[in-house]
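Accompanying notes for the structure given below.
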């Protein structure tokens, strides 16, 4: 005799990935053919960048590199940063100590500056990512708003998320660099 059943009864309970799981998957090459972040235990696929995004990213990396003046700093693109036990964000640009192990996913406090290039992601970059990077203790966070031609410059992270100090700098005006007296200028 057939008994009615619900499909949900056969499904396994959902289990969130942890940041440690995500780091292991990164090291094993699980995301070799895609860009991904871990947000609240769920894998989130990121779209590939458009040419304007890549150009702005490369230009800013070169300009930031010019401000390091031999300091023990490294600059990476698409760096995974651990926010908490269930979240690891992928930063467009990150500046950190060159003593960080090359095979480690840094915690937010290990990173000096995170930059997001917001061509199509402005709401997320100025919303949930501000909260996440602030909560993780990233000391400086910039969002380059290409459409408005401004840089949102944030400092002094708050433990509950976000930043206490926020300013908007227009393209063409100097953006202060935390480790240098030499600013960068975006155009």
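In the numbering used here, the protein residues as written are 51 to 237.
From the three backbone atoms N, C-alpha and C, an ideal C-beta is built for every residue, glycine too.
As the structure is a computational prediction, the values presented were derived from the model and not from experiment.
So within the stretch 132-206, which uninterrupted beta strand (DSSP E) runs reach at least 3 residues, ignoring any that extend past its ends? 137-147, 161-168, 190-195
Less than 6 angstroms between C-beta atoms, sequence neighbours within five positions excluded: which residues of the same chain meet that for residue 216? 204
Smallest Cα separation from residue 83: which of 91, 211, 96? 96
Distance check for residue 129 and residue 85, CA to CA, integer angstroms please. 11 angstroms
Between residue 69 and residue 138, how many whole angstroms is the CB-CB distance? I'm expecting something under 8 angstroms. 5 angstroms
Taking the beta carbon of residue 119 as the centre, do at least 16 other beta carbons fall within 10 Å, making it buried, or is it exposed? exposed
Does DSSP put residue 215 in a helix, in a strand, or in coil? strand
Which full runs of the alpha helix (DSSP H) of 4+ residues lie inside the stretch 61-103, going along the chain? 69-77
In or out: residue 142 buried (at least 16 other Cβ within 10 Å) or exposed? buried
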